[in-house]
Ligand SMILES: Cc1cc2nc3c(=O)[nH]c(=O)nc-3n(C[C@H](O)[C@H](O)[C@H](O)COP(=O)(O)OP(=O)(O)OC[C@H]3O[C@@H](n4cnc5c(N)ncnc54)[C@H](O)[C@@H]3O)c2cc1C
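Numbering (the working numbering), first residue to last: 3 to 281.
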């Protein structure tokens, strides 16, 4: 490792990123395991000491999850039922040691197809805030992740926060993950859903499926089919195989393509029925 910078302010970090080819390090729980057996030759920018990037705040029209907020901090935060799905996903990320270190933003920047944070944040319609020395902007999470381990981020940019808009109606969310065992497992498929409900009817639905395509996908046809439906335990019955058309699962050592589609549909139905019964 040639250089290891650990600035305490965002402006110092952005100035350093603008000057060279630094690799950003947050919790390091994706970065270090991917380099086992290889020399640590990267110049590192460790962002973990930047206080302004830590924590979750209500900013009126949205919640702001700072870039160095870890999974344990998210689980402990006092947040409305809208965040239940994301918190369920957080509890399934590795074990407690990983949750204490790994960040929500790092999960998005690493852009693994099996990243458990992506479907719940897609179902929350999240945006990501990106900064460089010239300023900052925000884009939809759906546009930020381009493919397997590929994002829109340039080498001189930091993801500074995740922004979750406040829904128009009463809302809650749910998450389910299928793995070969209950904990410490890479997902075979996972499903997240958010329902906005008014007078017992679905007013908005956002459903995302992960580990069944290079990037987790929303299911727009199913989302549209749910609008106006009565919100109860039968909600899952509206999900049909054709609603999974945006998915493109692969065969790998964890599961076959067919199994992922079948299990994905079962999880979608289960998540919707459980959410419907609670709403
Ligand atoms: C034992 C173990 C179990 C795990 N289990 C799971 C699991 O069940 N589910 C799951 O989804 N993941 C799991 N992971 C992966 C990992 O813990 C998570 O993806 C975690 O959220 C990554 O966050 P981090 O802060 O450690 O990222 P880091 O390793 O620090 O960074 C990951 C990547 O993102 C970049 N990056 C990080 N933050 C920023 C930023 N703010 N701006 C720009 N670039 C940035 C880094 O340059 C790097 O390329 C596991 C890892 C381990 C070691």
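Ideal placement from N, C-alpha and C gives every residue a C-beta, glycine not left out.
Determine the extent of the alpha helix (DSSP H) in which residue i is found, giving its start and end residues.
i: residue 122; result: 120-125
i: residue 263; result: 259-280
i: residue 149; result: Note, residue 149: premise wrong, no alpha helix (DSSP H); beta strand (DSSP E) at 147-149.
i: residue 88; result: 86-93
i: residue 77; result: 73-78
How is the beta strand (DSSP E) around residue i delimited, first residue to last?
i: residue 179; result: 172-180
i: residue 130; result: 129-134
i: residue 195; result: 191-200
Could you pull the DSSP bridge partners for residue i from this structure?
i: residue 64; result: 167
i: residue 219; result: 211
i: residue 142; result: 129
i: residue 22; result: None; residue 22 has no bridge partner.
i: residue 102; result: The partner list for residue 102 (beta bridge, DSSP) is empty, contrary to what the question assumes.
i: residue 27; result: 48
i: residue 152; result: 149
i: residue 203; result: 200, 232
i: residue 161; result: 132
i: residue 137; result: 134
i: residue 6; result: 46
i: residue 252; result: In the DSSP output, where bridge partners are listed per residue, residue 252 has none listed.
i: residue 59; result: 66
If contacts are defined as beta-carbon pairs under 8 Å, then residue i and residue j qualify, I think. What distance do you get, rounded to the angstrom?
i: residue 115; j: residue 215; result: 7 Å
i: residue 213; j: residue 190; result: 6 Å
i: residue 4; j: residue 45; result: 5 Å
i: residue 237; j: residue 228; result: 7 Å
i: residue 108; j: residue 186; result: That belief does not hold up - the Cβ atoms of residue 108 and residue 186 are roughly 18 Å apart, past 8 Å.
i: residue 266; j: residue 188; result: Not really, about 15 Å apart at Cβ, beyond 8 Å.
i: residue 165; j: residue 140; result: 6 Å
Thinking C-beta only, is residue j closer than 8 Å to residue i?
i: residue 205; j: residue 124; result: no
i: residue 126; j: residue 88; result: yes
i: residue 23; j: residue 157; result: yes
i: residue 167; j: residue 64; result: yes
i: residue 193; j: residue 270; result: yes
i: residue 137; j: residue 91; result: no
i: residue 47; j: residue 70; result: no
i: residue 129; j: residue 110; result: no
i: residue 27; j: residue 49; result: yes
i: residue 201; j: residue 66; result: no
i: residue 203; j: residue 230; result: yes
i: residue 262; j: residue 251; result: yes
i: residue 256; j: residue 170; result: no
i: residue 73; j: residue 52; result: no
i: residue 234; j: residue 112; result: no
Is any non-hydrogen atom of ligand 2 found closer than 7 Å to the C-beta of residue i, if you look at the structure I gave you?
i: residue 102; result: Of the ligands one can find in the structure shown, namely ligand 1, none is ligand 2.
Count the C-beta pairs between the stretch 121-140 and the stretch 3-20 that are closer than 8 Å, then say yes if the count reaches three, no if not. yes
Pair every Cβ in the stretch 74-87 with every Cβ in the stretch 174-185, then say whether three or more of these pairs are closer than 8 Å. yes
Measuring CB atoms only, is the stretch 88-103 touching the stretch 53-66, in the sense that at least three cross pairs come out at less than 8 Å? no
Cβ contact (3+ pairs, closer than 8 Å) linking the stretch 177-186 and the stretch 269-278: yes
Any chance the stretch 45-59 sits against the stretch 144-155, with 3 or more Cβ pairs inside 8 Å? no
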